[in-house]
Amino acid sequence: MTSESQEHGAARRPVEDEVDVVAEETHKPAKDEKKEKKGSFWKELPVLIVVALVLALIIKTFVVQAFYIPSESMENTLLKNDRVLVNKLVYHTRDIERGDVVVFSGVDSWDGEFQMEEPSNAVAGFFRWVGTAFGFVPGEKDYIKRVIGVGGDHVKCCDSKGRITVNGTPIDEESYLYPGNVPSDTFFDITVPQGRLWVMGDHRSVSLDSRSHTGDPGGGSIPVSQVIGRAFVIVWPFDRFSSIDIPETFAQPALQALGGSVPMVAGFGLAVPLVLVRRRLRSRR
1 MTSESQEHGA
11 ARRPVEDEVD
21 VVAEETHKPA
31 KDEKKEKKGS
41 FWKELPVLIV
51 VALVLALIIK
61 TFVVQAFYIP
71 SESMENTLLK
81 NDRVLVNKLV
91 YHTRDIERGD
101 VVVFSGVDSW
111 DGEFQMEEPS
121 NAVAGFFRWV
131 GTAFGFVPGE
141 KDYIKRVIGV
151 GGDHVKCCDS
161 KGRITVNGTP
171 IDEESYLYPG
181 NVPSDTFFDI
191 TVPQGRLWVM
201 GDHRSVSLDS
211 RSHTGDPGGG
221 SIPVSQVIGR
231 AFVIVWPFDR
241 FSSIDIPETF
251 AQPALQALGG
261 SVPMVAGFGL
271 AVPLVLVRRR
281 LRSRR
């Protein structure tokens with residue numbers, strides 16, 4: 001045995017040594033793989049953050065956006081510092097309805113209900129933009145109000161019982177009006193132009209709403225085109241999480257007497273003469 005092993009080379013190592021070598025070789029690549037995974041994660045993290053921000057901005061631009069409530073004008077429905085989600089798609093599938101709580105832009109029209117200091121530099125401006133986009137800070141020219149009248153509605157304050165009327169029908173605002181407030185301490189009587197809305201805050205005594213802009217073009221009403229979307233849920237603080245529903249008083253059929261029927265009435269008004277003209281032409285033939 002000794003001579004044969006010497007003839008074929010050095011003596012072979014014990015089996016235990018071979019096992020150690022194999023084990024050692026199999027463990028080393030595993031450590032390298034962990035290092036590679038850690039390295040690739042940190043390399044990919046900035047890309048993931050950018051992708052997440054881009055997707056969030058796309059959702060914010062076209063689908064849902066968070067908004068910060070900066071004032072007391074919608075109390076007690078919405079409190080100062082609440083965050084709400086605004087549905088930007090809903091008005092592509094249905095018209096704006098009376099009672100909806102809407103967010104709209106007041107750029108080039110209404111003055112802000114609060115003032116914000118201008119950013120001191122470009123970095124501060126960027127972070128304000130990001131904060132506004134994701135609902136962490138308020139937008140100075142964004143407003144949130146309740147729709148009281150739509151295009152064609154005759155909105156008036158007030159009847160003999162101090163109630164606001166829409167198309168001659170009084171609305172019961174007790175469920176959302178701020179406790180102790182009257183529906184309005186300012187008289188107004190307006191027929192809302194087509195394509196515009198009459199909006200008011202629920203905290204009437206402090207809200208700078210349509211009543212405060214009766215001298216503006218549109219008589220205080222706002223363009224439908226300026227509406228960003230419908231506020232549908234309070235998401236912050238968590239203990240106030242709730243949906244923002246349309247009060248039952250706006251479901252009264254009598255409210256539709258004018259505003260909802262104007263397009264249909266106009267359609268019939270144009271259709272009747274056309275039918276008569278067509279009949280005359282046929283009779284001549």
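Going by my numbering, the first residue of the sequence shown is number 1, and it counts up by one from there. Where a beta carbon is used, it is the ideal one built from N, C-alpha and C, also for glycine.
* Is DSSP giving Pro247 helix, strand or coil here? -> As a position in the sequence shown, residue 247 is number 247, starting the count at 1. DSSP, read as helix, strand or coil, puts Pro247 in coil.
* May I have the straight-line CA-CA distance separating Val166 from Ile222, to the nearest angstrom? => Looking up residue 166 in the sequence shown gives position 166. Looking up residue 222 in the sequence shown gives position 222. A direct Cα-to-Cα measurement between Val166 and Ile222 gives close to 17 Å.
* Buried versus exposed, by CB contacts within 10 Å (16 or more), Gln194 -> Counting from one through the sequence shown, the residue named residue 194 turns up at place 194. Gln194 comes out exposed.
* Could you work out which residue in Val227, Ser242 and His203 is closest to Val233 when comparing CA atoms only? => For this step, residue 233 is matched to residue 233 along the sequence shown. Nearest of Val227, Ser242 and His203 to Val233, Cα basis: Ser242.
* Asked: Can you tell me the Cα-Cα spacing of Arg98 and Leu197, whole angstroms?
  -> The residue given as residue 98 occupies position 98 in the sequence shown. The residue given as residue 197 occupies position 197 in the sequence shown. Approximately 9 Å, taken between the alpha carbons.
* Buried versus exposed, by CB contacts within 10 Å (16 or more), Val22 -> In the sequence shown, the residue the question calls residue 22 occupies position 22. Annotation note: pLDDT 45 at Val22 (below 50); position unreliable, no value reported.
* Asked: If we ignore side chains and look at the alpha-carbon of each, how far apart do Val262 and Glu44 end up?
  -> To locate residue 262, count along the sequence shown from 1; it is residue 262. To locate residue 44, count along the sequence shown from 1; it is residue 44. Low local confidence applies: a pLDDT of 42 at Val262 is under 50, so the model's placement there is unreliable, and no value is given.
* Asked: With 16 as the cutoff for other CB atoms within 10 Å, does Lys145 come out buried or exposed?
  -> Position 145 of the sequence shown, counted from the first residue, corresponds to residue 145. That one is buried.
* Could you pull out every residue in the same chain whose Cβ sits closer than 6 Å to the Cβ of Gly219, ignoring the five residues on either side in sequence? => Here residue 219 refers to the residue found at position 219 when the sequence shown is read from its first residue. Same-chain partners within the cutoff: Ile190.
* To do: Would you mind working out which of Gly151, Gln256 and Glu72 sits nearest Ser225, comparing C-alpha positions?
  => The residue labelled residue 225 in the question sits at position 225 within the sequence shown. It is Gly151 whose Cα lies nearest to the Cα of Ser225.
* To do: Within 10 angstroms of the Cβ of Arg211, are there 16 or more other Cβ atoms? Answer buried if so, exposed if not.
  => The residue labelled residue 211 in the question sits at position 211 within the sequence shown. Looking at its Cβ environment, which holds 16 or more other Cβ atoms inside 10 Å, Arg211 is buried.
* Asked: In its own chain, which residues sit with a C-beta less than 6 Å from the C-beta of Lys156, not counting the 5 before and 5 after it?
  -> In the sequence shown, the residue the question calls residue 156 occupies position 156. The answer, listed in chain order, is Thr165 and Asp189.
* Report the three-state DSSP secondary structure of Phe241 (helix, strand or coil). => Position 241 of the sequence shown, counting from 1, holds the residue named residue 241. Note: Phe241 maps to coil in three-state DSSP.
* **Backbone secondary structure at Val107 - three-state DSSP** => Mapped onto the sequence shown, residue 107 falls at position 107. DSSP places Val107 in the coil class of the three-state scheme, outside both helix and strand.
* Residue nearest to Leu79 in terms of C-alpha spacing, selected from Tyr176, Val147 and Arg230 -> As a working note, residue 79 is residue 79 in the sequence shown. Answer by Cα proximity: Tyr176.
* Which of helix, strand or coil does DSSP assign to Gln252? -> What you label residue 252 is simply residue 252 of the sequence shown in a count that begins at 1. Under the three-state reduction of DSSP, Gln252 is assigned to coil, being neither helix nor strand.
* Would you call Gly149 buried or exposed, if buried means 16 or more other Cβ atoms sit within 10 Å of its Cβ? -> The sequence position of residue 149 within the sequence shown is 149, counting from 1. When all chains shown are included, Gly149 counts as buried.
* Nearest to Arg240 by alpha carbon, out of Thr186, Asn76 and Gly162? -> If you number the sequence shown from 1, residue 240 lands on position 240. Checked all of Thr186, Asn76 and Gly162; the closest Cα to Arg240 is Asn76.
* Of the residues Met74, Arg83, Glu72 and Ser40, the one placed nearest Val64, counting alpha carbons only -> Locating residue 64 in the sequence shown gives position 64, where the first residue counts as 1. Among Met74, Arg83, Glu72 and Ser40, the Cα nearest to that of Val64 is on Arg83.
* Asked: Does the beta-carbon of Glu174 have 16 or more other beta-carbons within 10 angstroms, so that it is buried, or is it exposed?
  -> Taking the first residue of the sequence shown as 1, we reach residue 174 at position 174. With fewer than 16 Cβ atoms within 10 Å of its Cβ, Glu174 is classed as exposed.
* Taking all protein chains shown into account, decide if Arg94 is buried (16 or more other Cβ within 10 angstroms of its Cβ) or exposed. => Counting from one through the sequence shown, the residue named residue 94 turns up at place 94. Under this definition Arg94 is an exposed residue.
* Straight-line Cα distance separating Thr169 from Phe67 -> The residue you call residue 67 lines up with position 67 of the sequence shown. The residue you call residue 169 lines up with position 169 of the sequence shown. C-alpha separation (whole angstroms): 33 Å.
* From Ile228, Val107 and Val182, pick the residue whose C-alpha is nearest to that of Gly162; which is it? -> As a working mapping, residue 162 is identified with position 162 in the sequence shown. Closest by C-alpha distance to Gly162, out of Ile228, Val107 and Val182, is Val182.
* **C-alpha gap between Tyr91 and Asp159, whole angstroms** => Residue numbering aside, residue 91 sits at position 91 when the sequence shown is read from its first letter. Residue numbering aside, residue 159 sits at position 159 when the sequence shown is read from its first letter. Approximately 32 Å between the Cα atoms of the pair.
* To do: Indicate whether Leu48 and Ala231 have their beta-carbon atoms separated by less than 9 Å.
  => In the sequence shown, residue 48 corresponds to position 48, counting from 1. In the sequence shown, residue 231 corresponds to position 231, counting from 1. Contact flag unset, no.
* Anticipated Cβ contact below 8 Å, Asp153 with Val192, distance rounded -> The count along the sequence shown starts at 1 and reaches residue 153 at position 153. The count along the sequence shown starts at 1 and reaches residue 192 at position 192. Val192 and Asp153 do touch by the CB rule: their CB atoms are close to 5 Å apart, below 8 Å.
* In whole angstroms, what is the alpha-carbon distance linking His213 and Leu255? -> Start at 1 with the first residue of the sequence shown, and residue 213 comes out as number 213. Start at 1 with the first residue of the sequence shown, and residue 255 comes out as number 255. Straight-line Cα distance between these residues: approximately 24 Å.
* Asked: For Ser143, which residues from the same chain have a beta carbon less than 6 Å from its beta carbon, with the 5 sequence-adjacent residues on both sides left out?
  -> If you number the sequence shown from 1, residue 143 lands on position 143. According to the sequence shown, residue 143 is Tyr rather than Ser. In the same chain as Tyr143, and ignoring 5 residues on each side of it, the C-beta atoms closer than 6 Å to its own belong to Phe104 and Gly106, in chain order.
* If you compare alpha carbons, which of Ile69, Phe250 and Val227 is closest to Lys88? -> Indexing the sequence shown from 1 puts residue 88 at position 88. The shortest C-alpha separation from Lys88 is found at Val227.
* For Gly180, which option in Phe187, Ile171 and Val206 has the closest C-alpha, if you only look at C-alpha atoms? -> By 1-based counting over the sequence shown, the position of residue 180 is 180. Ranking the options by Cα distance to Gly180, first place goes to Val206.
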